[in-house]
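Q:
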Amino acid sequence: MAHVANAANAAHGADSWEALRRDAAARAATVGLPTRASEAWRYVDCEPLASEPAPASAPAIAIRPGATGWKTAPIDPAQVRERWTKALQETSDIGQIWSWSRLHETLHLQLPKSAQGYLHCRIDTPGGWHGYRILVSVERGAVGSLVIEYAVGAARACTGIDVDVAQGSSLTVEEIQSGDDAAQLLSSANITVDRDAQVTWTSAWRGGTLVRARQDVRLTASGASMDFAGLARVAGKRQAHQYLRVAHVIGDTRSRQLVKNVIDDTARASFDGLIHVAKGADRSDAEQLNHNLLLAPGGRADTRPQLDIHADEVKAAHGATVGRPEDEQITYLRTRGLDSETARTLVQQGFSDEILHRFRHVHP
Amino acid sequence: MLTITNLHARVDDTPILNGIDLHIATGEVHAIMGPNGSGKSTLAKVIAGHPAYTVTEGSITWKGADLLALPPEERATGGIFLGFQYPVEVPGVNNAEFLRLAYNARRKARGEAELKTAEFAPLLATRIRQAKMDVVFAERDLNAGFSGGQKKRNEILQMTVLEPELALLDETDSGLDIDALKIVADGINTFRRADRAIILITHYQRLLDLVRPDRVHVLAKGRIATSGDRTLAERIEADGFEAVLA
Chain A
3 MAHVANAANA
13 AHGADSWEAL
23 RRDAAARAAT
33 VGLPTRASEA
43 WRYVDCEPLA
53 SEPAPASAPA
63 IAIRPGATGW
73 KTAPIDPAQV
83 RERWTKALQE
93 TSDIGQIWSW
103 SRLHETLHLQ
113 LPKSAQGYLH
123 CRIDTPGGWH
133 GYRILVSVER
143 GAVGSLVIEY
153 AVGAARACTG
163 IDVDVAQGSS
173 LTVEEIQSGD
183 DAAQLLSSAN
193 ITVDRDAQVT
203 WTSAWRGGTL
213 VRARQDVRLT
223 ASGASMDFAG
233 LARVAGKRQA
243 HQYLRVAHVI
253 GDTRSRQLVK
263 NVIDDTARAS
273 FDGLIHVAKG
283 ADRSDAEQLN
293 HNLLLAPGGR
303 ADTRPQLDIH
313 ADEVKAAHGA
323 TVGRPEDEQI
333 TYLRTRGLDS
343 ETARTLVQQG
353 FSDEILHRFR
363 HVHP
Chain B
4 MLTITNLHAR
14 VDDTPILNGI
24 DLHIATGEVH
34 AIMGPNGSGK
44 STLAKVIAGH
54 PAYTVTEGSI
64 TWKGADLLAL
74 PPEERATGGI
84 FLGFQYPVEV
94 PGVNNAEFLR
104 LAYNARRKAR
114 GEAELKTAEF
124 APLLATRIRQ
134 AKMDVVFAER
144 DLNAGFSGGQ
154 KKRNEILQMT
164 VLEPELALLD
174 ETDSGLDIDA
184 LKIVADGINT
194 FRRADRAIIL
204 ITHYQRLLDL
214 VRPDRVHVLA
224 KGRIATSGDR
234 TLAERIEADG
244 FEAVLA
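So the protein lines, in turn, are chains A and B.
For the first sequence, my numbering assigns the number 3 to the initial residue and increments by one for each residue that follows.
For the second sequence, my numbering assigns the number 4 to the initial residue and increments by one for each residue that follows.
#1: Give the straight-line distance between the Cα atoms of A314(A) and P307(A), rounded to the nearest whole angstrom.
#2: Below 8 Å, how does it come out for the stretch 172 to 181 of chain B and the stretch 190 to 206 of chain B: are there three or more Cβ pairs, yes or no?
#3: Which of the three DSSP states is assigned to P114(A) in this structure?
#4: Taking Cβ-Cβ distances shorter than 9 Å, what residues in chain A pair up with F87(B)?
#5: Once DSSP output is grouped into helix, strand and coil, what is the label at K262(A)?
#6: Under three-state DSSP, which class holds R285(A)?
#7: Name the chain B residues whose beta carbon is nearer than 7 Å to that of G321(A)?
#8: Hey, how far is the Cα of N8(A) from the Cα of W102(A)?
#9: Among residues of its own chain, excluding the 5 on either side of N107(B), which ones have a beta-carbon nearer than 7 Å to its beta-carbon?
#10: Kindly list the residues whose CB is nearer than 8 Å to the CB of A56(A), restricted to its own chain and excluding five residues on each side of it in sequence; keep chain order.
#11: Kindly list the residues whose CB is nearer than 6 Å to the CB of A12(A), restricted to its own chain and excluding five residues on each side of it in sequence; keep chain order.
#12: Does chain A have any CB closer than 8 Å to the CB of D144(B)?
#13: Considering only residues of the same chain and omitting the five flanking positions on each side of P61(A), which have a CB-CB separation below 6 Å?
#14: In chain B, which residues lie with their C-beta within 8 Å of the C-beta of D229(A)?
#15: Taking a cut of 7 Å between CB atoms, which residues from the stretch 91 to 121 of chain B lie near chain A?
#16: Apart from the five residues just before and just after T193(B), which ones in its own chain have a Cβ nearer than 6 Å to its Cβ?
#17: Measuring alpha carbon to alpha carbon, tell me which of D198(A), T337(A), Q217(A), Q241(A) ends up nearest G181(A).
#18: Please give the ranges of any beta strand (DSSP E) in the stretch 179 to 243 of chain A, keeping only runs that are unbroken, at least 3 residues long and fully inside the region.
#19: Among E328(A), T194(A), H250(A), which residue has its Cα nearest to the Cα of H293(A)?
#20: I want to see whether chain A comes within less than 8 Å of T17(B), judged by CB atoms only; does it?
#21: Using the DSSP secondary-structure output, state which residues sit across from T74(A) in a beta bridge.
#22: Give me the DSSP bridge partner(s) of T229(B).
#23: Consider the Cβ of A141(B): report whether some Cβ of chain A lies at a distance smaller than 8 Å.
#24: Which word fits S205(A), buried or exposed, when buried means at least 16 other C-beta atoms lie within 10 angstroms of its C-beta?
#25: By the 8 Å beta-carbon criterion, what residues does the stretch 79 to 96 of chain A contribute toward chain B?
#26: DSSP puts A64(A) in a beta bridge; with which residues?
Given below as structure tokens:
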């Protein structure tokens, strides 16, 4: 496995990011720790954030063998200075802020114009508290696949990924998380989709002491589309939370979001989604669905799919369900000869498989 | 083959069936008609063992045994098939794999060896061709995102794969355009055999023009109000239920 990012970061000098870290730490102090009273964290048990994980060794971003087409390099500070300074002042998301204040490693993934590429990067945080920033640039007409794997031990990982998908290009992302019960992962992705570009993004989460994924999607030109699917399977005392914002900045854009949670024992999961359709973004086509399967009475699901529509001619839908495996589905399978246990298992597997079947390169 | 005697059933606290008597012999096709709310679908679901319905009185004998003592899966593996009026969507469950599991459940009940995916595929391909369905439906999730007509045709596909001895088809003709209706009727006629029986629940004569029933029954208020040959269906089509039941 190649540690491209580490080696390359050294090339920019050890202090390249020191000013940024200081500014971000100041911003973090200003913003403070989130609580349930914070609108964006209302479903999250924030208590784990109050204590600092024990320091530990060897965090790293590594590129798995078999990558094709993508160029990898450290992020050039000059390239992102203005963008990040602005973003740091605008955001109040503590996960994002910590990705800068605790910045350990950066990686720039670039898919050149009209190229095709595949790359699997693993962000490994066995211990401690570390931030990572990844910049993904998909240039015009390129077609890329990307696997982002988060391996988090008894640690806190804060990741920020900026994704720019240029005109006529296509990006497929598969995002998976592994790790132990003590894992804390605050991931953020800021995704900008240009004219006639297409993003397909699929995530699978196992939760931890606190796992929260935040996606901020902007469809900025006509023909842009985003198809997002997420699955959290949590058990024990784990929690996993999905916070998703999709902005149809302009008309003739399309987005789909399907988020599913399977919750066992006393675990908890939430979905907080919002589709924003800007004024004049006519002929936007958006759908946001969240389904939760509660396998045990002690589990908890919170869901809030929302629409914020400012255009006149829009096709938009949203919905959510929370429940046990559907009796009608189980009965239907039983009338075909499957015993009730097999039917129940099949329905539960099917609930997850609708998302898992979208993975092509990894099998979470 | 199937004998129903004084069958009473309710859902929650509401009585729906109020004394059904019916005998179906091997090789026969019976049509059950009746106004909305008369108990047609309930009768089909009670025969199939749907757990939402409680039988409060009466009996159903299937091949000489007490059918009501069996859970739905044993009724299915024993040869009873219910084609649902509203087939249920089961996202994430592959149609072909589901059919193989259901087919194997029936084989297992007969003491036959279960088929592996590769062994089952040719049979499924044949049945899909016969049902005039696109092969892609085999690889889609069970009924998920299917149109109403596609769901009904998928029910017929399941019936032809599972080869039950008694098929209960609950308004399989509703929501079909004329071409789809002919395809479904062809499927039922191909399935029809001397060692099988069919109960067709329908509102309309048009299916019975294509699948000729041996007997026609009219349900009203949870009982069979009148029975006859297929000319009864023609009278209903011409004069309506009220005239026939008067």
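Every residue, glycine too, gets a C-beta built ideally from N, C-alpha and C.
Computed from a predicted structure; not experimentally measured.
A: The short version:
#1: Here the sequence assigns Asp to residue 314(A), which means Ala is not the residue at that position. The alpha-carbon atoms of D314(A) and P307(A) are separated by roughly 20 Å.
#2: yes
#3: coil
#4: Y334, T337
#5: For K262(A), the three-state secondary structure derived from DSSP is strand.
#6: Of the three classes helix, strand and coil, the one that applies to R285(A) here is coil, per DSSP.
#7: For a Cβ distance threshold of 7 Å, nothing in chain B lies close to G321(A): the least Cβ distance comes to about 14 Å.
#8: With a pLDDT of 48 at N8(A), under the threshold of 50, the modelled position of that residue is not reliable, and the figure given next carries that caveat. If I take the Cα positions, the gap works out to 16 Å.
#9: E117, L118
#10: G129, G130, A156
#11: Any reading at A12(A) must be qualified, since the residue scores a pLDDT of 47, below 50, and its modelled position is unreliable; no value is offered.
#12: Residue-level contact check: D144(B) touches chain A, since one or more beta carbons of chain A fall below 8 Å from its beta carbon.
#13: H106, T127, H132
#14: Chain B residues near D229(A): none, gap ~15 Å exceeds 8 Å.
#15: V91, V93, P94, G95, V96, L104, A105, A108, R109
#16: none
#17: Q241(A)
#18: 186 to 195, 200 to 207, 212 to 221, 227 to 236
#19: E328(A)
#20: no
#21: L111(A)
#22: V221(B)
#23: no
#24: buried
#25: none
#26: R124(A)
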